[in-house]
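Undergrad: Once you've had a glance at the structure underneath, I'll fire off some questions.
In this note's numbering, the protein residues as written are 2 to 247.
The structure is reproduced here in structure tokens:
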């Protein structure tokens, strides 16, 4: 094994961490991502009929929030979403969620997919990690912030045509590989552009898109972010966990 290629993940400076002693005293919100992230893990992805059967099962289980796809990236996802909207298969007490990159053409396509749905969470994301910025995109922090803010602005314009109850979620993709101070600054800029309030909070998702360290490090990252995010009273902190390390 070429162990010399790998360095240990740097620990988070959080000597007064509180999470080990916390107790869950109220039910969390659960959002199923089986139809989107789960589908991506299949050797043979589900077709529209398969997705419909899975969707009906999730409703039967009792999920009130269901991520139904990435319609701008998948024709199958787009067709499936249009089917459940057009056939009135979304209960009034259920919110569907769609995910989209912060690009104008993809935002327009995603808005088209959910037109007519009663309750929608629009989940916007873009690449943020140090590695992605340096190697893949060759851009700086400010470029990533500009992209996310511009995407949020375009989304607000596109959603103005919908007659739906709208929620907004933002993910700094590869949060676990993103500098924490930058993640805070980036999510703050997006929250301010969206205009989040205590009554209509933004959902800030902190995904472990690629699990780079042990779960305790991820917990430290979450607490570090949550205690320093300046709009915490206007935000719901969401998590997307992975088990890549086994």
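Yeah, the Cβ is synthetic: ideal placement off N, Cα and C, and Gly gets one too. The structure displayed is predicted, hence computed values, not measured ones.
Three-state secondary structure (DSSP) at residue 189?
TA: helix
Undergrad: Start and end of the beta strand (DSSP E) containing residue 208?
TA: 203–208
Undergrad: Confirm, please, whether the CB-CB distance from residue 68 to residue 128 is below 7 Å.
TA: In this structure, residue 128 sits away from residue 68, with a CB-CB distance that is not shorter than 7 Å.
Undergrad: Compute the Euclidean distance between the alpha carbons of residue 1 and residue 72, then round it to the nearest angstrom.
TA: Residue 1 lies beyond the residue range present for the chain, which begins at 2 and ends at 247; the question has no answer from this structure.
Undergrad: What do you get for residue 27, buried or exposed, if any count of 16 or more other CB atoms within 10 angstroms of its CB means buried?
TA: Classification of residue 27: exposed, given that the 10 Å Cβ count is below 16.
Undergrad: Where does residue 230 fall in DSSP's three states?
TA: coil
Undergrad: Looking at C-beta atoms only, is the number of pairs between the stretch 6–14 and the stretch 24–42 that lie closer than 8 Å three or more?
TA: no
Undergrad: Going by the CB atoms, is the gap between residue 152 and residue 187 shorter than 7 Å?
TA: Their beta carbons are not under 7 Å apart, which means residue 187 does not touch residue 152 by this criterion.
Undergrad: Would you grab the beta carbon distance between residue 185 and residue 230 for me? Rounded to a whole angstrom, and I think it's under 8 Å.
TA: 6 Å
Undergrad: Just to confirm before moving on: does the CB-CB distance between residue 146 and residue 103 stay below 7 Å?
TA: No, they are not a contact pair.
Undergrad: In the DSSP assignment, the alpha helix (DSSP H) including residue 7 goes from what residue to what residue?
TA: Neither: residue 7 is in no alpha helix (DSSP H) and is coded neither H nor E.
Undergrad: By Cβ distance below 8 Å, which residues in the same chain neighbour residue 223 in space, the five residues on each side in sequence not counted?
TA: 20, 207, 238, 240
Undergrad: What residues match up with residue 126 in a beta bridge as DSSP calls it?
TA: For residue 126, which the question treats as bridged, DSSP gives the partners 102, 172.
Undergrad: Can you look up residue 166 in the DSSP assignment and give me helix, strand or coil?
TA: In this structure, residue 166 counts as strand in the three-state DSSP scheme.
Undergrad: Between residue 213 and residue 139, what straight-line distance do the alpha-carbon atoms span, to the nearest angstrom?
TA: 22 Å
Undergrad: On the premise that residue 105 lies in contact with residue 155, defined as a C-beta separation below 8 Å, what is that separation, rounded to the nearest angstrom?
TA: 5 Å
Undergrad: Helix or strand or just coil, what does DSSP make of residue 143?
TA: helix
Undergrad: Grouping DSSP H, G and I as helix and E and B as strand, with all else coil, what is residue 77?
TA: helix
Undergrad: For residue 236, which of helix, strand or coil comes out of DSSP?
TA: strand
Undergrad: What did DSSP end up calling residue 215 once you bin it into helix, strand or coil?
TA: In the structure shown, residue 215 sits in coil (DSSP, three-state: anything other than H, G, I, E or B).
Undergrad: On the DSSP bridge assignment, give the partners of residue 96 in chain order.
TA: 66
Undergrad: Determine whether the beta carbon atoms of residue 82 and residue 70 lie at a separation below 7 Å.
TA: A contact, by the Cβ cut-off of 7 Å.
Undergrad: Out of 178, 118, 176, 136, state which residue places its alpha-carbon closest to the alpha-carbon of residue 166.
TA: 118
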